[in-house]
Amino acid sequence: MSEFLVIVESPAKAKTIERYLGKKYKVKASMGHVRDLPKSQMGVSSENNFEPKYITIRGKGPVLKELKTAAKKAKKIFLAADPDREGEAIAWHLAHSLDIDVHSDCRVVFNEITKDAIKESFKYPRPINMDLVDAQQARRVLDRLVGYNISPLLWKKVKKGLSAGRVQSVAVRLIIDREKEIKDFIPEEYWSVEALFEKGKDEFSGHFFGINGKKMELKSEEEVKKVLDAIKGKNFEITNVTKKERKRNPAPPFTTSSLQQEAARKLNFRAKKTMMLAQQLYEGIELGKEGTVGLITYMRTDSTRISEVAQKEAFEYIEGQYGKEYNRTEPRAEKKSAKSQDAHEAIRPTSTLRDPASMKSFLSRDQLRLYRLIWERFVASQMASAVMDTMSVDVSNGDIVFRSNGSKVKFAGFMKVYIEGTDDGLEEKENLLPDLSVGDKVKSNEIDPKQHFTQPPPRYTEARLVKTLEELGIGRPSTYAPTLDTIQKRGYVALDNKRFIPTELGEIVLQLILEFFPEILDVEFTAKMETSLDDIEEGKIKWVKVIDEFYMGFEKNLEKAEKEMEEVEIKPEYAGEDCEHCGNPMVFKMGRYGKFMACSNFPDCRNTKPIVKEIGVSCPKCKKGNIIERKSKKRRIFYGCDQFPECDFLSWDKPLERTCPKCDEMLVEKKLKKGVQVQCTACDYKEEPQN
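If you want it as structure tokens, here you go:
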């Protein structure tokens with residue numbers, strides 16, 4: 026008989042931890058929560074200090090029965106759910122169900138699933154932290170009060186199946202507000218003047234800087250004309266050369282938010298996918314003879330802190346792999362957000378020695394890509410700063426000054442391993458200038474003025490939205506992925522070219538919530554509520570007081586909305602064609618993946634069709650049909666014949682109507698990292714890439 030019972034959340038963890046702890050320990054999984062608020066009713070008593078009514082989750086009866094049987098045989102029980110508020114709440118619910126004293130040393134936590142970390146954590150069991158439990162309970166009760174009161178109103182006044190939540194409503198508001206900014210944006214004209222200079226055999230470019238050393242912006246063609254008229258001849262002179270050495274520091278190790286952002290930029294992963302893969306890497310991967318090992322530390326964190334043990338191992342690895350000069354020589358001040366709870370370490374590999382190359386045979390393609398990202402980011406964060414040689418040159422013709430900036434890497438430092446991505450995909454590149462000195466004469470081979478217009482702010486990608494929510498203090502690491510998933514499932518927003526656009530339904534629901542429940546959509550109010558939840562966690566305030574203060578105003582707004590909210594009729598948008606099954610008109614509907622056509626006679630007729638987008642190209646295979654844009658099950662765009670299944674032509678690259686001038690076969694547009702390139706599908710004919 027096992028002396029000790031350990032209860033974790035998932036079977037994957039259970040298997041690994043049992044092997045580390047030995048024969049005296051039996052490890053079982055609760056499969057997440059065993060108790061929760063009922064789905065069929067509010068489950069919160071506003072008349073009785075918001076006391077929650079917890080029930081055993083449907084389907085969890087057999088799991089709980091198995092745990093109770095094992096608990097009776099054990100000398101002592103340890104609750105080892107995840108090391109966060111949610112995990113603490115799971116441990117509390119288990120303690121209640123298994124009659125465990127919450128004040129006893131029954132709780133163990135670990136930030137990584139490795140042998141040393143697990144064994145160390147069992148040396149220091151502790152009581153359940155009720156402040157953590159109360160913070161999670163407050164969030165759950167708060168969201169239940171909001172969701173289970175506003176949602177039925179929306180069902181009655183708008184349509185069935187809608188929902189409202191604190192964080193999701195603010196996320197939808199940000200997307201809708203951004204769309205309004207884009208629509209209201211008025212472009213402003215501005216000009217740039219680029220010049221190509223020559224010194225001997227060397228050429229370098231520069232841009233118009235100003236007049237008499239003072240920076241000047243060009244806002245009209247008339248201003249440009251004055252500048253060009255003031256330039257006398259092609260001879261210019263170098264009037265200033267500034268050389269500097271600039272340090273560039275690495276990005277810190279990942280937090281949950283920064284991991285989601287960088288995985289979106291570099292790997293094209295959705296937030297939900299990133300967290301799913303990270304969970305797998307954390308819970309453990311089978312590594313042959315080594316057995317199942319957790320490869321990364323806990324993936325829900327807002328801290329960039331790194332343990333001394335991990336720093337030391339990274340230090341030794343970097344010195345052995347790259348050389349002593351690549352190790353950072355002094356501590357780097359870590360930026361810590363005022364909103365950070367700093368409860369756990371940053372996301373990092375559990376061992377630097379497990380480099381991505383050595384893990385390749387054990388991981389799936391996507392697991393490996395995410396692990397490589399986490400490993401490289403962590404190793405780079407522990408390396409020396411990069412050193413850049415920069416050079417700024419003023420090139421003058423009379424009073425007119427052009428400026429040219431150059432840089433080159435003097436010492437790569439962390440850049441040898443990893444460089445952080447950017448939202449626009451543009452990374453800093455070397456730009457080498459020739460050896461120039463004050464007084465040198467150069468010629469301008471070309472002066473090119475260009476007209477530009479300011480651009481509206483970009484629509485939110487998942488990465489940008491997560492970053493904005495984090496900066497505003499809305500939600501916490503564990504909430505971002507489910508929030509983005511929910512607002513798409515409800516049909517409030519859709520993704521267009523990987524950017525969020527609001528739907529008509531989203532705008533209607535937002536307007537109603539804004540009218541009757543303005544505090545739910547108030548960014549400052551929502552951020553303040555998150556701070557209050559943090560205060561509960563730290564024992565500064567009781568959770569019932571926080572809920573009570575919120576509910577006093579919310580209840581009044583609820584009564585007003587019940588009386589005054591008018592019903593909204595969402596008029597169908599007709600597609601202009603009839604259903605081939607029943608003859609009723611087809612209408613456009615908005616689903617999770619965008620618009621589609623559906624029969625207006627739903628639910629009697631459930632016919633749906635994708636919206637066909639023709640590209641104006643005849644099918645090169647059957648010569649009868651036309652090529653249309655389609656989407657695969659994974660939402661990837663491809664091109665096929667509209668005569669399918671009679672004609673099975675398909676292409677991942679966009680076909681063109683014109684044919685190859687060399688062999689008369691089909692030309693396609695091949696997507697590159699930046700821009701597209703026209704090329705032949707049969708021979709080596711290629712055209713210059715276009716941005």
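In my numbering, the protein residues as written are 26 to 716.
The beta-carbon is built from N, C-alpha and C at its ideal position, and this holds for glycine as well.
Since we're looking at a predicted model, the values are computed, not measured.
Exercise for the section: For ILE561, I'd like the list of residues in its chain whose CB is within less than 8 Å of its CB, leaving aside the five on either flank, ordered along the chain. Expected result: What you label residue 561 is simply residue 536 of the sequence shown in a count that begins at 1. Once the five neighbours on either side are set aside, the close Cβ partners of ILE561 are ASP156, ASP159, ALA160, ALA163, LYS567, TRP568 and VAL571.
Practice task
Note down the Cα distance separating LYS98 from TYR79, rounded to an integer number of angstroms.
Solution key: Translated into the one-based positions of the sequence shown, residue 98 becomes position 73. Translated into the one-based positions of the sequence shown, residue 79 becomes position 54. Cα-Cα distance, rounded: 26 Å.
Problem - Where the alpha helix (DSSP H) through MET577 begins and ends - result: What you label residue 577 is simply residue 552 of the sequence shown in a count that begins at 1. Its alpha helix (DSSP H) spans residues 568–589.
Practice task
Reducing DSSP to helix, strand and coil, say where GLY531 ends up.
Solution key: Your numbering for residue 531 matches position 506 in the sequence shown. The answer is helix: DSSP assigns GLY531 an H, G or I state.
Exercise for the section: Determine the DSSP secondary structure at LYS361, reduced to helix, strand or coil. Expected result: Reading the sequence shown from its first residue, position 336 is the one you call residue 361. Caution is warranted here: a pLDDT of 49 is assigned to LYS361, below 50, making its placement in the model unreliable, and no coordinate value can be reported.
Handout entry: Residue nearest to THR633 in terms of C-alpha spacing, selected from GLY641, CYS607, GLY258 and VAL642
Key = Locating residue 633 in the sequence shown gives position 608, counting from the first residue. With distances taken between Cα atoms, THR633 lies closest to CYS607.
Practice task
Return no unless some Cβ of chain C is closer than 8 Å to the Cβ of LYS97.
Solution key: Included in the structure is just one protein chain, with no chain C present.
Handout entry: Residue burial classification, GLY345 (beta-carbon count within 10 angstroms, cutoff 16)
Key = In the sequence shown, counting from the first residue as 1, residue 345 sits at position 320. Exposed is the call here.
Practice task
For ILE425, collect the residues of the same chain with a Cβ closer than 8 Å to its Cβ; drop the 5 residues on either side in sequence, then sort them by chain order.
Solution key: Counting from one through the sequence shown, the residue named residue 425 turns up at place 400. Excluding positions up to five away in sequence, the list reads PHE233, ILE236, VAL252, ALA255 and ILE256.
Practice task
State whether the segment 367–379 contacts the segment 238–251, with contact taken as three or more CB pairs (one from each stretch) at a distance under 8 Å.
Solution key: no
Exercise for the section: Just the C-alpha distance for TYR505 and ASP141, rounded to the nearest angstrom, thanks. Expected result: Along the sequence shown, one-based indexing puts residue 505 at 480. Along the sequence shown, one-based indexing puts residue 141 at 116. Using only the alpha carbons, I get a separation of about 31 Å.
Practice task
Determine contact between the segment 486–499 and the segment 164–175, defined as no fewer than three beta-carbon pairs at a distance below 8 Å.
Solution key: no
Problem - DSSP beta-bridge partners of CYS717 - result: The first residue shown for the chain is 26 and the last is 716, placing residue 717 beyond what the model contains.
Problem - CA nearest to the CA of LEU398, picked from VAL418, LYS585, LYS184 and TYR443 - result: Counted from its first residue, the sequence shown places residue 398 at position 373. Check the Cα spacing between LEU398 and each of VAL418, LYS585, LYS184 and TYR443: the tightest is with TYR443.
Handout entry: When THR486, PHE427 and LYS433 are compared against SER469, the one with the closest alpha-carbon
Key = Sequence index remark: in the sequence shown, residue 469 carries index 444 (1-based). Residue PHE427 is the option with its Cα nearest to SER469.
Exercise for the section: Just the C-alpha distance for LYS565 and HIS128, rounded to the nearest angstrom, thanks. Expected result: Counting from 1 along the sequence shown, the entry for residue 565 is found at position 540. Counting from 1 along the sequence shown, the entry for residue 128 is found at position 103. Rounded to whole angstroms, LYS565 to HIS128 spans 20 Å at the Cα level.
Practice task
Go ahead and pull the three-state DSSP assignment for ARG325.
Solution key: Residue numbering aside, residue 325 sits at position 300 when the sequence shown is read from its first letter. Note: ARG325 maps to coil in three-state DSSP.
Practice task
Return yes when at least one heavy atom of the ligand ADP lies under 7 Å from the C-beta of GLU690, else no.
Solution key: The ligand ADP is absent from the structure shown, which contains no ligand whatsoever.
Practice task
In angstroms with no decimal places, state the Cα-to-Cα distance between LEU536 and VAL195.
Solution key: The sequence position of residue 536 within the sequence shown is 511, counting from 1. The sequence position of residue 195 within the sequence shown is 170, counting from 1. In the sequence under discussion, the amino acid at residue 536 is Gln, which differs from the Leu named in the question. Our two residues, GLN536 and VAL195, have alpha carbons roughly 12 Å apart in a direct line.
Practice task
Leaving out five residues on either side along the sequence, give the residues of the same chain with a beta carbon under 8 Å from the beta carbon of LYS649.
Solution key: Position 624 of the sequence shown, counting from 1, holds the residue named residue 649. So the list reads GLN668 and CYS672, once near-sequence residues are dropped.
Exercise for the section: Output yes or no for whether 8 Å exceeds the beta carbon distance between ASP414 and LYS435. Expected result: In the sequence shown, the residue the question calls residue 414 occupies position 389. In the sequence shown, the residue the question calls residue 435 occupies position 410. Contact: yes.
Exercise for the section: Tell whether a beta-carbon distance below 8 Å holds between SER230 and SER35. Expected result: Start at 1 with the first residue of the sequence shown, and residue 230 comes out as number 205. Start at 1 with the first residue of the sequence shown, and residue 35 comes out as number 10. Their beta carbons are not under 8 Å apart, which means SER230 does not touch SER35 by this criterion.
Practice task
Could you please give me the residues that DSSP links to PHE674 through a beta bridge?
Solution key: Along the sequence shown, read from residue 1 onward, the residue named residue 674 stands at position 649. In the DSSP output, where bridge partners are listed per residue, PHE674 has none listed.
Handout entry: Nearest-angstrom Cα separation, counted from ASP510 out to ARG501
Key = In the sequence shown, residue 501 corresponds to position 476, counting from 1. In the sequence shown, residue 510 corresponds to position 485, counting from 1. It is roughly 15 Å from the alpha-carbon of ARG501 to the alpha-carbon of ASP510.
Handout entry: Alpha-carbon to alpha-carbon, PRO483 and GLY601
Key = Counting from 1 along the sequence shown, the entry for residue 601 is found at position 576. Counting from 1 along the sequence shown, the entry for residue 483 is found at position 458. GLY601 and PRO483 have their alpha carbons spaced roughly 32 Å apart.
Practice task
May I have the straight-line CA-CA distance separating PRO208 from HIS477, to the nearest angstrom?
Solution key: Residue numbering aside, residue 208 sits at position 183 when the sequence shown is read from its first letter. Residue numbering aside, residue 477 sits at position 452 when the sequence shown is read from its first letter. Before going further, note that residue 208 is Lys rather than Pro in the sequence given. If you take the alpha carbons of LYS208 and HIS477, they lie about 19 Å apart.
Practice task
May I ask which residues mark the beginning and end of the alpha helix (DSSP H) holding GLU496?
Solution key: Numbered from 1 along the sequence shown, position 471 holds the residue referred to as residue 496. Where GLU496 is concerned, the enclosing alpha helix (DSSP H) stretches over 487–497.
Handout entry: Cβ-Cβ distance between ILE512 and ALA189 below 8 Å
Key = Within the sequence shown, the letter at position 487 stands for residue 512. Within the sequence shown, the letter at position 164 stands for residue 189. No, the pair does not count as a contact, with Cβ atoms beyond the cut-off.
Practice task
Mark ILE331 as exposed unless 16 or more other C-beta atoms lie within 10 angstroms of its C-beta, in which case mark it buried.
Solution key: The residue given as residue 331 occupies position 306 in the sequence shown. Answer is buried; the Cβ neighbour count reaches 16.
Exercise for the section: Please go through the same chain and pick out, in chain order, the residues whose beta-carbon is closer than 8 Å to the beta-carbon of ARG524, but skip the five residues on each side of it. Expected result: Numbered from its first residue, the sequence shown carries residue 524 at position 499. The residues PRO483, ARG484, TYR485 and THR486, in chain order, have a CB closer than 8 Å to that of ARG524 in the same chain once the five nearest residues on each side in sequence are set aside.
Handout entry: Check whether VAL31 and SER55 have beta carbons under 8 Å apart
Key = For this step, residue 31 is matched to residue 6 along the sequence shown. For this step, residue 55 is matched to residue 30 along the sequence shown. No, the pair does not count as a contact, with Cβ atoms beyond the cut-off.
Practice task
Run the CB neighbour count on VAL491, radius 10 Å, all protein chains shown included, and call it buried at 16 or more, exposed below.
Solution key: Along the sequence shown, read from residue 1 onward, the residue named residue 491 stands at position 466. The residue is buried, with at least 16 neighbouring Cβ atoms inside 10 Å.
Practice task
Output the boundary residues of the beta strand (DSSP E) element that contains GLY112.
Solution key: What you label residue 112 is simply residue 87 of the sequence shown in a count that begins at 1. No beta strand (DSSP E) contains GLY112, which is instead part of the alpha helix (DSSP H) from 110–122.
Problem - Beta-carbon gap between ILE321 and MET408 smaller than 8 Å - result: Position 296 of the sequence shown, counted from the first residue, corresponds to residue 321. Position 383 of the sequence shown, counted from the first residue, corresponds to residue 408. Contact flag unset, no.
Exercise for the section: From the DSSP output, in three-state form, read off ASP424 for me. Expected result: Here the question's residue 424 lines up with position 399 in the sequence shown. Three-state DSSP puts ASP424 in coil, outside helix and strand.
Exercise for the section: Can you check DSSP and say which residues form a bridge with SER217? Expected result: Numbered from 1 along the sequence shown, position 192 holds the residue referred to as residue 217. DSSP lists LYS475 as partners of SER217.
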